[in-house]
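Residue numbers (our numbering): 27 to 269. Here the structure is laid out as structure tokens; the discussion comes afterwards.
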Amino acid sequence: MGDSAASSRPSITSDPQDVYGEFRCPLLVLALTTGIAGFVDAFAFLRYGAFVANQSGNAVLLGIGLAGRHAAWPESAASLIAFAAGTGVVSQVRAARSRWSPSLRGLACAVATLALWAVLNVLLHHGRQGGPSRIALAAAGGFAMGALATLFVRTAGITTHITYQSGTVAKIGERVGRWLAGPDNRRKRARQGTFLGLLALICYATGGGIGTVAQQQPLWVPAWGALALSTLSFLVRSRRSRR
Numbered sequence: 027m028g029d030s031a032a033s034s035r036p037s038i039t040s041d042p043q044d045v046y047g048e049f050r051c052p053l054l055v056l057a058l059t060t061g062i063a064g065f066v067d068a069f070a071f072l073r074y075g076a077f078v079a080n081q082s083g084n085a086v087l088l089g090i091g092l093a094g095r096h097a098a099w100p101e102s103a104a105s106l107i108a109f110a111a112g113t114g115v116v117s118q119v120r121a122a123r124s125r126w127s128p129s130l131r132g133l134a135c136a137v138a139t140l141a142l143w144a145v146l147n148v149l150l151h152h153g154r155q156g157g158p159s160r161i162a163l164a165a166a167g168g169f170a171m172g173a174l175a176t177l178f179v180r181t182a183g184i185t186t187h188i189t190y191q192s193g194t195v196a197k198i199g200e201r202v203g204r205w206l207a208g209p210d211n212r213r214k215r216a217r218q219g220t221f222l223g224l225l226a227l228i229c230y231a232t233g234g235g236i237g238t239v240a241q242q243q244p245l246w247v248p249a250w251g252a253l254a255l256s257t258l259s260f261l262v263r264s265r266r267s268r269r
């Protein structure tokens, strides 16, 4: 999916995977979700030796581990597999017929799985003993981030990612080129996409910095992520407001 221009406002508001259609204050939602992803990703890497959101990083760590240079490769593998499972399960939950909107169901799943991870992080002492506890925690975090990744994939019709920042960087490069050298009728769209990508990237990096500081109190970091994400429930649009 690219950055094709949305033909009209109704088409955006009827898109269940566009943050503009599903949430009020959509730029705040984009900033908060990417910030949370960076926040817990930094924590997980520093405490478990594996990412929970950055699955490109886990794929590399898995290869390094199989070559004998990264002892925490089972944690990376567990997170990668659990992320895919979380995305698959929650995508089906969002697609099911329900009186609740897909965004509300997706958000509830993401908050619930983050809360479960938070509980496990306390019970297993943030993986302090290593081995199976860290693998279980990496899997729990990966599943939660897989659920979060389904929340939206577009902002005003422009592709945006919550957890996949390699894609964000690639899109920024593509959009900057189109902004500087593309046809006039596409430059405005490219400029908007560039700013959205930079917003996501900056918030993810900022979240990573905060997560690095917060991991000094490691028991509660996933709980803080769940609490922050739960505030988005106040920004979900009602079905009536989307009409």
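C-beta atoms are modelled at their ideal positions from N, C-alpha and C, and glycine is treated no differently. All figures in this text were calculated on a predicted structure; none of them were measured in a lab.
Between the alpha carbons of Gly61 and Arg50 lies a distance of about 18 angstroms. Taking 4 residues as the minimum length, the alpha helix (DSSP H) runs contained wholly in the stretch 55-105 are 81-92, in order along the chain. Ser264 counts as exposed, since fewer than 16 other beta carbons sit within 10 angstroms of its beta carbon.
Straight through space, the alpha carbons of Ile161 and Gly168 are spaced by roughly 10 angstroms. Arg154 carries a coil assignment under DSSP once its states are collapsed to helix, strand and coil. Residue environment for Thr194: buried (at least 16 other C-beta atoms within 10 angstroms of its C-beta).
Residues of the same chain with a CB within less than 7 angstroms of the CB of Phe77, apart from the 5 flanking positions on each side, are Asp67, Ala70, Phe71, Gly83, Asn84, Ser105 in chain order.
For Arg215, the enclosing alpha helix (DSSP H) has its first and last residue at 210-240. The DSSP-derived three-state label of Phe49 is strand. Boundaries for Gln43: no alpha helix (DSSP H) harbours it, and the DSSP string shows neither H nor E there. Remark: C-beta atoms of Ala79 and Ala63 approach each other more closely than 8 angstroms.
In the DSSP assignment, Val262 is bridged to Phe49. Between Phe109 and Gln155, the C-beta spacing is not below 8 angstroms. The residue from Ile107, Phe260, Ala138, Ala226 with its alpha-carbon nearest to that of Ala165 is Ile107.
Fewer than three pairs of CB atoms, one per stretch, sit closer than 8 angstroms, so the stretch 205-225 makes no contact with the stretch 109-127. In the structure shown, Thr186 adopts coil according to DSSP, grouped into three states. Here DSSP, grouped into helix, strand and coil, assigns Arg180 to strand. In this structure, the alpha-carbon of Trp143 lies about 14 angstroms from that of Phe65. Rounded to the nearest whole angstrom, the C-alpha separation of Leu163 and Met171 is 12 angstroms. Put simply, the stretch 255-263 touches the stretch 120-133. At least three CB pairs are less than 8 angstroms apart.
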